[in-house]
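The structure appears below as structure tokens.
Protein chains: 2
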Amino acid sequence: MAVSAVLHGTGRNVKVSDEKAEMIRRVAQELRYQPNRLARSLRNSRTQMIGVVFQHFDRLSDENPYYPQLLNGVMSTLFPSGYTLALCPKLVQRSDAAAISDGRFDGVLWCRPDFTEEAVASLRHTSIPVVMMHAPPGSAPGVPTFCANNRGALKLAVDHLADLGHERLGFVIDPINEHTAEGRDRADAFRQAIAGRGLQGDVLYWDYDGSELEAYRMGNGPHTALACFSDTLAGRLLVTCRRLGIRVPRELSIVGFDSSSFCESTSPRLTSVFQPVERIAFEATTHLIRLIEADPDSVRDDQAHSSIYDCGLDVRDSTSAPITSSKRHHSC
Amino acid sequence: MAVSAVLHGTGRNVKVSDEKAEMIRRVAQELRYQPNRLARSLRNSRTQMIGVVFQHFDRLSDENPYYPQLLNGVMSTLFPSGYTLALCPKLVQRSDAAAISDGRFDGVLWCRPDFTEEAVASLRHTSIPVVMMHAPPGSAPGVPTFCANNRGALKLAVDHLADLGHERLGFVIDPINEHTAEGRDRADAFRQAIAGRGLQGDVLYWDYDGSELEAYRMGNGPHTALACFSDTLAGRLLVTCRRLGIRVPRELSIVGFDSSSFCESTSPRLTSVFQPVERIAFEATTHLIRLIEADPDSVRDDQAHSSIYDCGLDVRDSTSAPITSSKRHHSC
DNA sequence: TTGAAAGCGTTACCAA
DNA sequence: TTGGTAACGCTTTCAA
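Pasting the structure below:
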């Protein structure tokens, strides 16, 4: 119809006279005509909407700016390109990978690292591009991945603690992240890092229960320093330590992960590994848009794309030299 | 079609034999059949999606948990009801109220208080329900509003400062919020509150410029205490004060608004008015869903619904008694 | 119980 | 340049 040609730039082989075009615009205005995006999307099979799947986004953390940072990264490239962002629960509750292809989205950013082999396999049957965050390279064959360099990150943390004189370290992870690809990757990276320094260490699974923690209590247990999977986890650890009378960092050094502004507000301020969340999200989204808008044939190679991002270590007040037995004797 | 009846519960007057139903399911599985939501939505004019319009959500604050809280409130009622949440930029850039009715959304939560008279008027022509946050009662005729009790909130802040002995107060607002309905409402509430205590005070417009601030500097200027429109604004004020050598709260008391966890991490910790953001968002969204799902005729009355939410005052370290001239003499 | 047809609002294509 | 027609995938209604 001429109307379509006038109101949107579509169908350039259709020419409309200026008078007619003006008339159409006037009438449209009078009638408060509003083009229906659903019909348009159905016709074009393009919705200009991308879905974002979080890990547990029935609830965002109030204090951890992880999600705002991630969303900022996503929005800063999505909105200028004319896309809308949808947070979709159904895709989360059951990892209903098939539902991705129900036509609602032009692409999906998958920020949920607890994928299973079969979930990844089913992802290859989707009709739209999918890009993953928090997926270590190689963990999701055929899906572009964007992930922190966990190996380097844990090396930074372990080296820092080793340099301080700690000899037996722990890596603490919660039941939720324990089974995620990134959780396993960081645990492995921790093991490699301590092996590289010739230290002893363990991966500790903690469900936030204070009594459990007591086994690792610095005084009785073997560990003088704990690296945590996340700032949130480290924060809870701090609270539990205070409750149990374990002094940080005097008796136990603690390292977080993310180095969010949350680390500045804890007591003591939390030493933490920094990962560029916003940048990762930005580049993952940019890649997703490329896949959506590019010629399907020309990007075949990029399907296997995978990026890793180097991390830093922000040393604050929750880490210090351990109370060694020699020092103890010394002080006695 | 029988398929539709089997795979979804639709069309109850259509009966399908069990064998056929089973066959349909099996074939659907084999073919990886995925119903197209766009076509469905087009047919039903129901998308199960609601749009959320923020004020400036091209960028969420990293440190202020306002947006996570708001989203938590929205999601906690939206997701269990089977809705998806969309953050839409186009509706923000130009307040294109008409675009609301383009079929994408079943309803819109408007969290953007800088509406004009005509924007509100055009909102009444939408074909879908709209609910507003940050709109003081009466500011958006015909649109349900959910808003903090600014009158009570500013009274709390002013009373607190007055009780400490402050005699000349300021209310600081930034250029962005200055023209919003809630901004004007809080400024009015401030004026009423100081009048009620027989104090003097001014509404100060601050564009984050340090030199501007100097005019209100406690030493030269008349104000010994400033209440701010937001925590973010108060935070910037703190930073500027430090830069200018103004000691808080010794020389100048500062009160924020929102009482987010951000207030705990500032130095000094920020005294702030608490508003129940998550609860406001939750109830606004719940109301929106009611409007969407209810019989259009039966909710006519609720179109004029408006709720206000009482606030509290969390006293922290950024407020104290002023240095009065008498005290000055005393100390000299 | 099953099948066929119409229509939701749009855009692409092809005649006129 | 114009107008008509078909099709996107679904659901509802009506006939068989």
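Protein sequences, first through last, are from chains A and B. The first sequence begins at 1 in this note's numbering and counts up one residue at a time. The second sequence begins at 333 in this note's numbering and counts up one residue at a time. Yeah, the Cβ is synthetic: ideal placement off N, Cα and C, and Gly gets one too.
(request) Measure the Cβ-Cβ separation of Val605(B) and Phe594(B) and say whether it is below 7 Å. (result) No; because the gap between Cβ atoms is not below 7 Å, this pair is not in contact.
(request) Name the residue from Val27(A), Asp310(A), Cys111(A) whose alpha carbon lies nearest to the alpha carbon of Asn177(A). (result) Cys111(A)
(request) May I ask you to report which of helix, strand or coil DSSP gives Asp646(B)? (result) strand
(request) Could you list the residues in the segment 66 to 81 of chain A with a C-beta less than 9 Å from some C-beta on chain B, going in chain order? (result) Tyr67, Pro68, Gln69, Leu71, Asn72, Met75, Ser76, Leu78, Phe79, Pro80
(message) Could you tell me the alpha carbon to alpha carbon distance between Gln34(A) and Met133(A), rounded to whole angstroms?
(response) 37 Å
(request) Specify the secondary structure class of Met550(B) as computed by DSSP and reduced to three states. (result) The predicted position of Met550(B) is uncertain, since its pLDDT is 43 and thus under 50; a value taken from the coordinates is nonetheless stated next. Residue state, collapsed to three classes: coil.
(request) For the alpha helix (DSSP H) containing Asp185(A), list its first residue and its last residue. (result) 181 to 196
(request) Please work out which residues of its chain come closer than 6 Å, Cβ to Cβ, to Tyr415(B), disregarding the five sequence neighbours upstream and downstream, and give them in chain order. (result) Gln380, Ile382
(message) Quick check on this structure: which residue in Thr458(B), Asn368(B), Gly528(B) has the alpha carbon closest to the alpha carbon of Arg32(A)?
(response) Nearest Cα to Arg32(A) within the set Thr458(B), Asn368(B), Gly528(B): Thr458(B).
(request) Could you tell me whether the Cβ atoms of Leu237(A) and Ile246(A) are closer together than 7 Å? (result) no
(request) Look at the alpha carbon of Ala321(A) and the alpha carbon of Val248(A), and state the distance between them as a whole number of angstroms. (result) 11 Å
(request) Could you name the residues of the segment 571 to 587 of chain B whose beta carbon sits closer than 8 Å to any beta carbon of chain A, in the order they occur along the chain? (result) none
(request) Could you tell me whether the Cβ atoms of Leu313(A) and His166(A) are closer together than 7 Å? (result) no
(message) Using a 10 Å radius around the Cβ and a threshold of 16 neighbouring Cβ atoms, would you call Phe376(B) buried or exposed?
(response) Correcting the residue identity first, residue 376(B) is Asn in this sequence and not Phe. When all chains shown are included, Asn376(B) counts as exposed.
(request) For chain B, find out if any of its Cβ atoms is closer than 7 Å to the Cβ of Arg104(A); answer yes or no. (result) yes
(request) Could you name the residues of chain A that Ser650(B) contacts, counting a contact when the two beta carbons are closer than 7 Å? (result) The CB of Ser650(B) never comes closer than 7 Å to any CB in chain A; the least such distance is about 15 Å.
(message) Let me see if you follow: with CB-CB separation under 7 Å, is Leu645(B) close to chain A or not?
(response) no
(request) Following the continuous beta strand (DSSP E) through Ala616(B), name the residue where it begins and the one where it ends. (result) Not the beta strand (DSSP E): Ala616(B) falls in the alpha helix (DSSP H), residues 609 to 625.
(request) Take Gln609(B) as the anchor and find which of Ser592(B), Glu625(B), Pro461(B), His619(B) has the nearest alpha-carbon. (result) Residue 609(B) is actually Val in this sequence, not Gln. The shortest C-alpha separation from Val609(B) is found at Ser592(B).
(request) Go ahead and pull the three-state DSSP assignment for Tyr399(B). (result) helix
(message) Can you give me the C-alpha to C-alpha distance between Thr564(B) and Gly515(B), rounded to a whole angstrom?
(response) Computed Cα separation, rounded: 14 Å.
(message) Please state the DSSP three-state secondary structure of Ser639(B).
(response) strand
(request) Compute the Euclidean distance between the alpha carbons of Val172(A) and Phe79(A), then round it to the nearest angstrom. (result) 37 Å
(request) Check Ala353(B) in the structure and name its three-state DSSP category. (result) helix
(request) Find the residues of chain B that neighbour Leu42(A), judging by a C-beta separation of less than 9 Å, and give them in chain order. (result) Asn368, Leu370, Ala371, Ser373, Leu374
(request) Tell me where the alpha helix (DSSP H) around Gly567(B) begins and ends. (result) 563 to 576
(request) Could you give the DSSP three-state label for Ile655(B): helix, strand or coil? (result) coil
(request) Please report how far the alpha carbon of Asp446(B) lies from the alpha carbon of Tyr309(A), in whole angstroms. (result) 39 Å
(request) Following the continuous beta strand (DSSP E) through Gly502(B), name the residue where it begins and the one where it ends. (result) 500 to 505
(message) Taking 7 Å as the threshold (beta carbon to beta carbon), is Arg391(B) in contact with chain A?
(response) yes
(request) Could you check the C-alpha separation between Asp350(B) and Ala360(B) for me, to the nearest Å? (result) 15 Å
(request) Express the C-alpha separation of Ala519(B) and Val535(B) in angstroms, rounding to a whole number. (result) Here the alpha carbons of Ala519(B) and Val535(B) stand approximately 7 Å from one another.
(request) Show which residues of chain A have a CB atom less than 7 Å away from the CB atom of Thr617(B). (result) The contacting residues do not exist; Thr617(B) stays about 13 Å from chain A at best.
(request) Consult DSSP for Val273(A) and reduce its assignment to one of helix, strand or coil. (result) strand
(request) Pull up the distance between the alpha-carbon of Phe561(B) and that of Val571(B), whole angstroms please. (result) 16 Å
(message) For a contact defined as C-beta to C-beta under 8 Å, what are the partners of Gly264(A) on chain B?
(response) For clarity, residue 264(A) is Glu in the given sequence; the question names Gly instead. Ser597, listed in chain order.
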